[in-house]
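Residue numbers (this note's numbering): 836 to 935.
As structure tokens, this is what we get:
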């Protein structure tokens, strides 16, 4: 079984890494360019499989939900006891959206 060595461009790898909030080393960028390209190539090959006449093997099932039961809530002190950072009664998290 041979591969055509599909690669993503380093720009595409950088874009995916930025979306995933990953800080990649140069050797990781090169390796992921090849590995992600191979994944996309494989998914493309799966899309070409002829499924005519093949019955589904998974059947959708209806979710069974339990009734909501009221329960006591945690105090802010208990809920935030292991928080790495907090601001008053809230978790403090890094900004994830950049504003223009």
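Where a beta carbon is used, it is the ideal one built from N, C-alpha and C, also for glycine.
Those runs of the alpha helix (DSSP H) which lie wholly inside the region 845 to 914 and span at least 4 residues:
As far as the region 845 to 914 is concerned, its whole alpha helix (DSSP H) runs of at least 4 residues are 845 to 854, 861 to 882, 911 to 914.
Is the region 863 to 872 close to the region 840 to 849, with three or more CB pairs under 8 Å?
yes
Residue 924 and residue 911: beta carbons closer than 8 Å?
Your numbering for residue 924 matches position 89 in the chain shown. Your numbering for residue 911 matches position 76 in the chain shown. Yes, Cβ-Cβ distance for residue 924 and residue 911 is below 8 Å.
Using DSSP with H/G/I as helix, E/B as strand and the rest coil, what is residue 927?
Within the chain shown, residue 927 is the residue found at index 92, counting from 1. Residue state, collapsed to three classes: coil.
Does the beta-carbon distance from residue 926 to residue 909 come in below 8 Å?
To locate residue 926, count along the chain shown from 1; it is residue 91. To locate residue 909, count along the chain shown from 1; it is residue 74. Result no, Cβ atoms of residue 926 and residue 909 do not sit closer than 8 Å.
Helix, strand or coil, according to DSSP, for residue 921 in the structure here?
Taking the chain shown and counting its residues from 1, one reaches residue 921 at position 86. Three-state DSSP puts residue 921 in a strand.
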